[in-house]
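Residue numbers (my numbering): 15 to 257. Don't be surprised by glycine CBs; every beta carbon is placed ideally from N, CA and C.
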Ligand code: NI
């Protein structure tokens, strides 16, 4: 069940049986010479669509995230951490104002993690400082750290998975959008790895945009396995969260 394809009476009826919603969150940023700029939003969105097909209510994907370090590459769009905190706060309080109590964010971008957790702390701080009890339950889940997904990426790619423009995320986007597949000769085959600082430093260290990965290993068939594995793991997370 997708929020965008529902009416308000549909949602009123849904709220009589559940107060939980799944919110995909990602980023719009370069993913190396062969990875799509939408990768980090497309991956959680595709997995969330699988959940929507099983009756879980899914919000529109928050497609722009905390990605300042990618701004040395054209096409990247970033929210600064303070902006993303404000966005999460407003999304959560909108949902809470209309009756939702359990909000699970399905994340596709490592750079969002600290900021989303900080947004949750801002929200909790409001009730703490008021001496009130918040009725909300908030959780962040990264699709790429789900246990089955980690195991599959280790099995398929070992250390060539890397941390950015990874073969697992690129496989999943190609499963979702097979017409968008690209190939290129990448040199070195496995990209360098290291720290993440600002955009100029990132561009200097990671000249083609990849970190530690060999995305030439990606394929549609792997993408389907990542989709099915992630969906399987997420079903368990969702049933614990909504129990
Ligand atoms: Ni990514």
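Distance from the CA atom of residue 165 to the CA atom of residue 147, rounded to whole angstroms, is 39 Å.
Going by beta carbons, residue 44 and residue 84 fall inside the 7 Å limit.
Taken through DSSP and simplified to helix, strand or coil, residue 57 comes out as helix. For residue 175, the distance from the CB to the nearest heavy atom of the ligand NI is not below 6 Å.
Not a single heavy atom of the ligand NI lies less than 6 Å from the C-beta of residue 159. Relative to the ligand NI, residue 228 has its C-beta separated by 6 Å or more from all heavy atoms.
Within the chosen limit of 6 Å, the ligand NI reaches the beta carbon of residue 183 through at least one heavy atom.
Here residue 185 is near residue 236, since their CB atoms are less than 7 Å apart.
It is roughly 9 Å from the alpha-carbon of residue 244 to the alpha-carbon of residue 159. The closest heavy atom of the ligand NI lies less than 6 Å from the beta carbon of residue 54.
The DSSP assignment places 181-190 and 213-219 as complete runs of the alpha helix (DSSP H) inside the region 168-230, in order along the chain (cut-off: 4 residues). Note that the C-beta distance between residue 42 and residue 20 is not below 7 Å. The Cβ atoms of residue 187 and residue 53 lie closer than 7 Å to each other.
Going by DSSP, residue 116 is part of no alpha helix (DSSP H) but of the beta strand (DSSP E) stretching over 116-121. Residue burial annotation: residue 46 is buried, with at least 16 other C-beta atoms found within 10 angstroms of its C-beta. Straight across, the Cα-Cα distance linking residue 255 with residue 123 is about 21 Å. In this structure, the straight-line span from the alpha carbon of residue 130 to that of residue 99 is close to 7 Å. Between the alpha carbons of residue 34 and residue 189 lies a gap of roughly 28 Å.
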